[in-house]
Every structure is written in structure tokens, then in C-alpha cells.
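So in the UniProt record's numbering, spot 100 of the sequence shown is number 100, and the numbers just go up one at a time. Take a look at the structure below.
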Amino acid sequence: MPTISPGQLAFSALRYLPMPVLVLNSLETVVLANEAMGRMLGIIADDLDHDNAAAIIDHLREQTLGPSPSRTKQDVVVDVVISHKDIGKATFDSRYKAKEPKY
């Protein structure tokens with residue numbers, strides 16, 4: 001049975017989230033865009049099958065926002081960014097000590 005690395009698992013989870021996700025590297029190049037982001041930007045139609053949607057999302061990979069991104073692109077990036085600090089707060093809230101994960 002093949003094993004799945006933590007990176008592959010995280011990539012799959014991000015790709016199929018119902019919330020739009022756009023991951024950029026330091027050069028503002030698209031590393032990952034999920035189907036929800038494609039629908040939000042109007043690149044993917046709602047009635048498109050999964051294989052065609054994946055091909056369109058792959059087309060976004062390695063595209064840049066450009067030297068002067070439009071206001072819409074700036075808003076999209078700002079709305080999607082989640083800081084590491086905020087993730088830690090949500091995961092390790094002291095009020096929920098009884099519900100800590102067992103791993």
C-alpha cells in the first residue's frame with residue numbers, strides 16, 4: 001500500500017476545499033489555486049466536470065499577478081491570506097483543553 005506524505009495530504013486538502021484558495025510564492029507566482037478560486041474568478045463554470053476543471057486550474061499554475069495587479073486581484077489575495085499566528089490561535093485555544101487531539 002503506497003504511503004501519502006504530509007505534503008501530499010495538505011495539497012489534496014487545499015485543492016478540494018469549498019473555500020477559494022490561492023497560494024503564491026515570494027515572486028507572486030501561483031503555486032496552487034483550487035476549483036473554488038477558479039469559479040470565483042470566472043475561469044471555471046459551475047457545470048464543468050472535474051477533469052476539465054483540474055486542467056484549467058493547472059493552467060493557472062506559474063502565472064504571476066503582474067507588476068500592477070488590479071484591485072480585484074489585490075482584494076482576492078488579501079481575503080485569502082491566513083497568517084500562521086491566527087492558525088495557531090484557532091488550534092490551541094486554552095478553553096478547549098478537553099478536546100485536544102490525541103496525536
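A virtual CB, placed ideally from N, CA and C, is assigned to each residue, including glycine.
Per DSSP, residue 17 is not a residue of any alpha helix (DSSP H), being assigned neither H nor E. Annotation: the continuous alpha helix (DSSP H) that includes residue 35 extends over 35 to 40. About 10 Å separates the Cβ atoms of residue 40 and residue 21, ruling out a contact at the 8 Å cut-off. In this structure residue 25 is exposed. Its beta-carbon is surrounded by fewer than 16 other beta-carbon atoms within 10 angstroms. By the Cβ neighbour-count rule, residue 33 is buried, with 16 or more other Cβ atoms within 10 Å of its own.
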